[in-house]
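K.L.:
What follows is a structure written as structure tokens; I'll ask about it next.
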Amino acid sequence: MLACRRRPVPRTPVWFMRQAGRALPEYLRLREGVPMLESCARPDMIVEITLQPVRRYGVDAAIFFSDIVVPLKAIGIDLDIKPGVGPVIADPIRDAAGLDALRPLEPDDVPYVTEAVGGLVGELGATPLIGFAGGPFTLASYLIEGGPSKNQERTKAMMYGEPELWDRLMGRLADLTIAFLKVQIAAGASAIQVFDSWVGSVAPEDYRASVLPHTSRIFAEIEPLGVPRIHFGVGTGELLGLMGEAGADVVGVDWRVPLDEAVRRVEPGKALQGNLDPAVLFAPWETVERRALDVLARGRTAEGHVFNLGHGVLPSTDPDVLTRLVDLVHEAGSEH
């Protein structure tokens, strides 16, 4: 929390995107036979899965176990998360009539979120809980494409060719994200992260015109609630400055841009989060150590630094390597 607010810290804090998930054998045991969306709607499972990496790794923050499509499911969108594929939408939204499916999210739509966050806050004690939601571009891409997409061709076709429809869709998705974040904060989340995972496919001028206004509104609506706000996307090196403009307190950086370069691209007054390549964790420990120390050194050029990977923990990652990495970051991060 101190690092997010750009205040002095006793050591560099560390947590990992997707730290609760398939890399953990205890997670796989618990999830056996339970569909993803069901596990995201059971408070007991949410609490246990969220706590697993905190117990095992000793990370400095927990991140709420859920999925960015949970609020879409909660308002009645017919979707499923298919193993090995990702979110699949039964009726993609590609015209004005489809917007009718996107009603506002009410707290009563996600009582399991309120219950789970409340339980987690009690269990975690002084360890912060990060709430999260999907960014509007990424949610739009799933809704328009009908599932994951490499090129976002239908999504971009609407953004380029039907700007009024695009703007209305993005506005409704921003409302959904705001409401989902507010539920988590009201229940006790200490910080929030907006994952606009696929927005890196957008050119800077299109981001400014077609995405930035909606993302800015999300962060502006959350600002009065007083929790640190983190903004992350993949492949967003060319967008880092604009992502900083959007209003978050912390800009997440993937592994493609060194943190000291990210400092130059992001406006002053922001902390940075990141950014060890998740694939480095499969190399010999000497390489992991060298690369992690380099990330820490570059992170010291930022006004605040939260150590993380440049994207999520890969499913076949050895959990013991992550434990060693947390110890390394804590030890090396406290020396400075």
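Throughout, our numbering is defined as the position within the sequence shown, counted from one, plus 328. Where a beta carbon is used, it is the ideal one built from N, C-alpha and C, also for glycine.
For A630 versus L587, is the C-beta distance shorter than 9 Å?
P.N.:
Taking the sequence shown and counting its residues from 1, the one referred to as residue 630 is at position 302. Taking the sequence shown and counting its residues from 1, the one referred to as residue 587 is at position 259. Contact: yes.
K.L.:
So, for P476: in the same chain, excluding its five sequence neighbours on each side, which residues have a beta-carbon less than 6 Å away from its beta-carbon?
P.N.:
Position 148 of the sequence shown, counted from the first residue, corresponds to residue 476. Once the five neighbours on either side are set aside, the close Cβ partners of P476 are G414.
K.L.:
Nearest to S529 by alpha carbon, out of P552, E549, V562 and E551?
P.N.:
For the purposes of this step, residue 529 is taken as the residue at position 201 of the sequence shown. It is V562.
K.L.:
What whole-angstrom Cβ distance do A461 and I374 have, given they're in contact under 8 Å?
P.N.:
Against the sequence shown, residue 461 aligns to sequence position 133. Against the sequence shown, residue 374 aligns to sequence position 46. Rounded, the Cβ-Cβ distance is 15 Å, inconsistent with contact.
K.L.:
Which residue from S525, A507 and T505 puts its Cα closest to that of Q480?
P.N.:
Your numbering for residue 480 matches position 152 in the sequence shown. Answer by Cα proximity: S525.
K.L.:
Taking M329 as the reference, which of R628, F610, A599 and P435 has the closest Cα?
P.N.:
Along the sequence shown, one-based indexing puts residue 329 at 1. Per the Cα distances, A599.
K.L.:
Specify the secondary structure class of F465 as computed by DSSP and reduced to three states.
P.N.:
Counting from one through the sequence shown, the residue named residue 465 turns up at place 137. F465: helix per DSSP, three-state reduction.
K.L.:
When the distance is taken between beta carbons, is G565 closer than 9 Å to V585?
P.N.:
Here residue 585 corresponds to residue number 257 of the sequence shown, with the count starting at 1. Here residue 565 corresponds to residue number 237 of the sequence shown, with the count starting at 1. For V585 and G565, yes; Cβs fall inside 9 Å.
K.L.:
Which first and last residues belong to the beta strand (DSSP E) in which L501 is found?
P.N.:
In the sequence shown, residue 501 corresponds to position 173, counting from 1. L501 -> not in any beta strand (DSSP E); alpha helix (DSSP H) instead, spanning P491 to A515.
K.L.:
What is the DSSP secondary structure of L637, counted as helix, strand or coil?
P.N.:
Against the sequence shown, residue 637 aligns to sequence position 309. Three-state DSSP puts L637 in a strand.
K.L.:
Let me know the secondary structure DSSP gives Q601 once reduced to three states.
P.N.:
Here residue 601 refers to the residue found at position 273 when the sequence shown is read from its first residue. It is a strand residue.
K.L.:
Identify which residue in S469, F560, A574 and L656 has its Cα closest to the Cα of R640.
P.N.:
Residue numbering aside, residue 640 sits at position 312 when the sequence shown is read from its first letter. Here the sequence assigns Gly to residue 640, which means Arg is not the residue at that position. Residue F560 is the option with its Cα nearest to G640.
K.L.:
Among K510, P464 and G516, which has the Cα closest to the Cα of G499?
P.N.:
As a first step, residue 499 is located in the sequence shown; it is residue number 171 there, counting from the start. For the residues K510, P464 and G516, the minimum Cα distance to G499 belongs to P464.
K.L.:
By the 10 Å Cβ neighbour count, where 16 or more other Cβ atoms means buried, how is L356 classified, buried or exposed?
P.N.:
Counting from one through the sequence shown, the residue named residue 356 turns up at place 28. By the neighbour-count rule (16 or more Cβ atoms within 10 Å), L356 is not buried but exposed.
K.L.:
Given a threshold of 16 other Cβ atoms within 10 Å of its Cβ, counted over all protein chains shown, does L430 qualify as buried or as exposed?
P.N.:
What you label residue 430 is simply residue 102 of the sequence shown in a count that begins at 1. By the 10 Å Cβ count, L430 comes out buried.
K.L.:
Considering only DSSP beta bridges, list what R557 is partnered with.
P.N.:
Locating residue 557 in the sequence shown gives position 229, where the first residue counts as 1. DSSP, once it has assigned bridges, lists I520 as partnering R557.
K.L.:
When burial is assigned at 16 or more other CB atoms within 10 Å of the CB, is R628 buried or exposed?
P.N.:
Sequence index remark: in the sequence shown, residue 628 carries index 300 (1-based). Exposed.
K.L.:
Could you check the C-alpha separation between A660 and I421 for me, to the nearest Å?
P.N.:
As a first step, residue 660 must be located in the sequence shown, where it is residue number 332. As a first step, residue 421 must be located in the sequence shown, where it is residue number 93. Answer to the nearest angstrom: the Cα atoms are 49 Å apart.
K.L.:
In angstroms, rounded to a whole number, what distance separates the CA positions of P647 and P556?
P.N.:
Stepping through the sequence shown from its first residue, residue 647 is reached at position 319. Stepping through the sequence shown from its first residue, residue 556 is reached at position 228. Each residue's alpha carbon lies about 28 Å from the other.
K.L.:
With a cut-off of 8 Å on the beta carbons, I'd call A548 and G580 a contact; round off their distance for me.
P.N.:
Residue numbering aside, residue 548 sits at position 220 when the sequence shown is read from its first letter. Residue numbering aside, residue 580 sits at position 252 when the sequence shown is read from its first letter. About 19 Å separates the two Cβ atoms, so there is no contact after all.
K.L.:
DSSP on K484, reduced to helix/strand/coil?
P.N.:
In the sequence shown, the residue the question calls residue 484 occupies position 156. Note: K484 maps to helix in three-state DSSP.
K.L.:
Could you give the residue range of the alpha helix (DSSP H) that holds G627?
P.N.:
The count along the sequence shown starts at 1 and reaches residue 627 at position 299. Looking at the DSSP string, the run of the alpha helix (DSSP H) that includes G627 is W613 to G627.
K.L.:
Using a Cβ-Cβ cutoff of less than 7 Å, which residues in the same chain neighbour L433 once the five nearest sequence positions on both sides are dropped?
P.N.:
Translated into positions along the sequence shown, residue 433 becomes position 105. Answer for L433: P399, A402, I403, L504, A507 and F508, listed in chain order.
K.L.:
Could you check whether A537 and V441 sit closer than 9 Å to each other, using their CB atoms as the reference points?
P.N.:
Sequence index remark: in the sequence shown, residue 441 carries index 113 (1-based). Sequence index remark: in the sequence shown, residue 537 carries index 209 (1-based). No; because the gap between Cβ atoms is not below 9 Å, this pair is not in contact.
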